[in-house]
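Engineer: For the record, in the sequence shown the residue sitting at position 270 is 1613 according to the working numbering, with numbers rising by one throughout. Just so you know, even glycine gets a beta-carbon here, dropped at the ideal spot from N, CA and C.
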Amino acid sequence: MPDNKSELKALKATKYTSTVRASSAFDQLRASGYRAGLRILDLTDRLRGRDHELLPPRRYRRFIGNGDFLKVGRQITDYMQEELGVGPSHDVLDAGCGAGRIAVPLTDVLGEKGSYLGFDIVPHAIDWCSSVITAKHPNFRFEHVDIRQEIYNPDGKLSAADFRFPAADSAFDVVAMVGLISHLLPPELDNYLTEAARVLRPGGQCFATAYLVDDKVAENIAQGRTAFTFTNDHGEYYVHSKEEPTYAIAYRVEYLREAAARYGLHLRREPKPGTWGTSTERPASMDLLVLERD
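#1: I'd like to know whether the C-beta atoms of Arg1417 and Pro1448 end up nearer to each other than 7 Å.
#2: Which residues bound the alpha helix (DSSP H) around Ala1602?
#3: Under DSSP, the beta strand (DSSP E) around Gln1548 begins and ends at which residues?
#4: So Glu1579 and Tyr1598 are supposed to be a Cβ contact under 8 Å. How far apart are they, rounded?
#5: Cβ of Leu1608 within 7 Å of Cβ of Val1517?
#6: Identify, in the order they occur along the chain, each residue of the same chain with its Cβ nearer than 8 Å to the Cβ of Lys1355, setting aside the five sequence neighbours on each side.
#7: Can you name the start and end residues of the beta strand (DSSP E) that Leu1528 belongs to?
#8: CB Thr1569 to CB Gly1522, shorter than 7 Å?
#9: I'd like to confirm the pairing. Which residues does DSSP put opposite Leu1631 in its beta bridges?
#10: Under 7 Å Cβ to Cβ from Asp1505, same chain only, skipping five residues before and after it: list those, please.
#11: So what does DSSP say about Gln1418, is it helix, strand or coil?
#12: Distance check for His1480 and Arg1605, CA to CA, integer angstroms please.
#13: Which two residues bound the contiguous beta strand (DSSP E) that contains Val1517?
#14: Between which two residues does the beta strand (DSSP E) holding Leu1608 run?
#15: In the structure shown, what three-state DSSP assignment does Ile1663 receive?
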């Protein structure tokens, strides 16, 4: 990540595509201009034959993260198939599904006996997924949850620290938390681990990406040798920005391991390291971990 000021400036541009609310007339004007530019790029893609029937417009996928939307989604679901054994009859819950980055490739994996439920705090992303993906694949459902989040949904009515997943107990084989843990403070992380354990069947698995810190990565952070900066050290976790603390959070591996164990989840194997914590080169990948319900 660049320095905090430049990163937060870029973050404001992200807000313009992730919320329908704007705080001033200037923000509304800037948001309209930003979205208009993205619509032009969408039109260019269609004219050049780069479109895909389940690819959301740029204004709906801009807030999700960098990289090729379809390519990254396919890489994630390939990992889920190879490492978690996800197949046609599995039931998958996608916490923080965004505009369907893993839902789209999962439509080629899950059959009629399987199911998918995704939820997210960004309403227009959920609306798009419901109107396009669910229309073609009725076993794929999407729900908007009005959780308060300082970046993407500052006026939300619910708290992530006590939010209940919109799912029954022991209803899923897999819970995905892709790009989610890095936005959760400790009380919120505890709740999401509790909920993941609740909705998973015995032996079910929680697949997540995160910024994980061991002693070596902690040393790299202190010396500025990581792709993303986490200079605000809170002991068990690190925060990138004091102004926007939930923008990016890194956790000590042992803290996350112990937190998961409290709710009947254990690491199936040691996390697969990404590149963010050992190099300053970008783009950089997050760490991968798989938790299994006892």
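Structural biologist: Judging by the given coordinates:
#1: Pro1448 sits close to Arg1417, with the two beta carbons spaced by under 7 Å.
#2: 1596–1605
#3: 1543–1556
#4: 4 Å
#5: no
#6: Its pLDDT being 49, under 50, Lys1355 is placed unreliably in this model, and the coordinates cannot settle the point.
#7: The continuous stretches of beta strand (DSSP E) do not include Leu1528, and DSSP gives it neither H nor E.
#8: Against a cut-off of 7 Å, the Cβ pair of Gly1522 and Thr1569 comes out as no contact.
#9: In the DSSP output, where bridge partners are listed per residue, Leu1631 has Thr1552, Lys1615.
#10: Asn1534
#11: helix
#12: 36 Å
#13: 1515–1520
#14: 1608–1610
#15: Because the chain in this structure spans residues 1344 to 1637, residue 1663 falls outside the shown range and cannot be described.
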